[in-house]
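To start, the structure under review is shown below, and the notes come after it.
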Amino acid sequence: MSATASSAISVAAKPLKSLALSSRSPLPSAASVAFPAPRRRLVLVACTAGDGSKPTILVAEKLGEAGVLTELKPYVILAEKLGRLAVQLVAGGSGVKNVKVSYTSARATDDLDTRLLRAMITKGIIEPISDVYVNLVNADFTAKQRGLRISEERVLLDGSPENPLETITVQLGHVESKFASSLSESGEVKVEGRVKDGVPHLTKVGSFEVDVTLEGSIILCRQVDQPGMIGTVGSILGESNVNVNFMSVGRIAPRKQAIMAIGVDDQPSKETLKKIGEIPAVEEFVFLKTVGKLLRNFLIAEIMVEIIPSLL
Numbered sequence: 022m023s024a025t026a027s028s029a030i031s032v033a034a035k036p037l038k039s040l041a042l043s044s045r046s047p048l049p050s051a052a053s054v055a056f057p058a059p060r061r062r063l064v065l066v067a068c069t070a071g072d073g074s075k076p077t078i079l080v081a082e083k084l085g086e087a088g089v090l091t092e093l094k095p096y097v098i099l100a101e102k103l104g105r106l107a108v109q110l111v112a113g114g115s116g117v118k119n120v121k122v123s124y125t126s127a128r129a130t131d132d133l134d135t136r137l138l139r140a141m142i143t144k145g146i147i148e149p150i151s152d153v154y155v156n157l158v159n160a161d162f163t164a165k166q167r168g169l170r171i172s173e174e175r176v177l178l179d180g181s182p183e184n185p186l187e188t189i190t191v192q193l194g195h196v197e198s199k200f201a202s203s204l205s206e207s208g209e210v211k212v213e214g215r216v217k218d219g220v221p222h223l224t225k226v227g228s229f230e231v232d233v234t235l236e237g238s239i240i241l242c243r244q245v246d247q248p249g250m251i252g253t254v255g256s257i258l259g260e261s262n263v264n265v266n267f268m269s270v271g272r273i274a275p276r277k278q279a280i281m282a283i284g285v286d287d288q289p290s291k292e293t294l295k296k297i298g299e300i301p302a303v304e305e306f307v308f309l310k311t312v313g314k315l316l317r318n319f320l321i322a323e324i325m326v327e328i329i330p331s332l333l
């Protein structure tokens, strides 16, 4: 049995504050900062794009305890990558307007604050099709500016609430797909993922179940399920010096259609991808990048600060 709670996102939610921080400045800690009463507990999230730019410090008064945010870290990465994959599957990604996000968890729905996850999904969707840099502070505002409507659904599962989330699913509605197999039965581009042993995995594309780590990039191939396909594709990539880090096949039934998901460390050349597409049993394929301006440095500190109305 499961229970579902749905809500449309309001971009008028209380905004988080942002402070500039020198790239050489250490994060403050409870031991190094002392303020007189009255005091309030804040959680600081330091984010950088890993490109030499100065970190942004996000002051999140009610986002959650520092330990909770640390627990969410791999899911934050998963959320960004699912958004990035989904928009790359759209033919003409700038036309994306409707996004539905589903979270499944054995924990009570009230225990999950999805603002950070939603911001990262927004980041993954918007950045590949624009020159806008999206972060936790500006995500909802940027989505509103671009006419992007995001609805969220929380599904309560039975079982042990050991992990904060079981799966995250991102669906883009009213779009055309460049990879037809990524469409759900209702015609939406759909990708699903989960965290396994701390590593984000892609576990579903459209109606096909796959299992590939979201490290590097991915080649998705829809093919006729027949012997030798894994070896044929692997040989083409090997001859082009493209290293395969993961591969899985999801199929409808034996000898029917299947999707091969191939994780690669290197970007294949156009000629290499063309060779894959020319394999007689391959019906369609797409190359997807999972890495963008991801928050490579994601640092969290919890401090006690003096209540300053202008800051909060």
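Numbering-wise (this note's numbering), the sequence shown opens with residue 22 and increments by one. From the three backbone atoms N, C-alpha and C, an ideal C-beta is built for every residue, glycine too.
Would the beta-carbon of residue i fall within 9 Å of that of residue j?
i: residue 104; j: residue 146; result: yes
i: residue 210; j: residue 110; result: yes
i: residue 310; j: residue 238; result: yes
i: residue 108; j: residue 150; result: yes
i: residue 184; j: residue 234; result: no
i: residue 126; j: residue 187; result: yes
i: residue 120; j: residue 166; result: no
i: residue 212; j: residue 223; result: yes
i: residue 306; j: residue 243; result: yes
i: residue 277; j: residue 245; result: yes
i: residue 169; j: residue 117; result: yes
Secondary structure at residue i, three-state DSSP: helix, strand or coil?
i: residue 241; result: strand
i: residue 199; result: coil
i: residue 150; result: helix
i: residue 95; result: helix
i: residue 171; result: strand
i: residue 83; result: With a pLDDT of only 45 at residue 83, under the threshold of 50, the placement of this residue in the model should not be trusted; the figure read from the coordinates follows. DSSP places residue 83 in coil when its eight states are reduced to three.
i: residue 304; result: strand
i: residue 108; result: helix
i: residue 129; result: coil
i: residue 188; result: strand
i: residue 277; result: coil
i: residue 254; result: helix
i: residue 224; result: strand
i: residue 232; result: strand
i: residue 103; result: helix
i: residue 206; result: coil
i: residue 157; result: coil
i: residue 292; result: helix
i: residue 260; result: helix
i: residue 271; result: strand
i: residue 118; result: coil
Is it buried or exposed for residue i, if we count other Cβ within 10 angstroms and need 16 for buried?
i: residue 284; result: buried
i: residue 240; result: buried
i: residue 215; result: buried
i: residue 164; result: buried
i: residue 102; result: buried
i: residue 273; result: exposed
i: residue 248; result: exposed
i: residue 288; result: exposed
i: residue 206; result: exposed
i: residue 197; result: exposed
i: residue 271; result: buried
i: residue 19; result: The structure shown has nothing for residue 19, since the chain only spans 22 to 333.
i: residue 297; result: buried
i: residue 332; result: In this prediction, residue 332 scores a pLDDT of 42, lower than 50, which makes its location untrustworthy; the coordinate-derived value is nonetheless stated afterwards. When all chains shown are included, residue 332 counts as exposed.
i: residue 275; result: exposed
i: residue 161; result: buried
i: residue 182; result: exposed
Contact check, residue i vs residue j under 8 Å by CB: the rounded distance?
i: residue 139; j: residue 171; result: 6 Å
i: residue 142; j: residue 100; result: 5 Å
i: residue 281; j: residue 251; result: 7 Å
Is residue i near the ligand COA, judged by its Cβ being under 8 Å from some heavy atom?
i: residue 103; result: No copy of the ligand COA occurs in the structure displayed, which carries no ligand at all.
Quick one: any contact between the stretch 129-141 and the stretch 168-176, if contact means 3 or more CB pairs under 8 Å?
Here the stretch 129-141 makes contact with the stretch 168-176; the two share three or more CB pairs at distances below 8 Å.
Do the stretch 248-262 and the stretch 216-225 meet, that is, are 3 or more Cβ pairs less than 8 Å apart?
Not touching, per the Cβ criterion.
Does the stretch 288-304 touch the stretch 227-235, meaning 3 or more C-beta pairs lie closer than 8 Å?
No, the stretch 227-235 is not in contact with the stretch 288-304.
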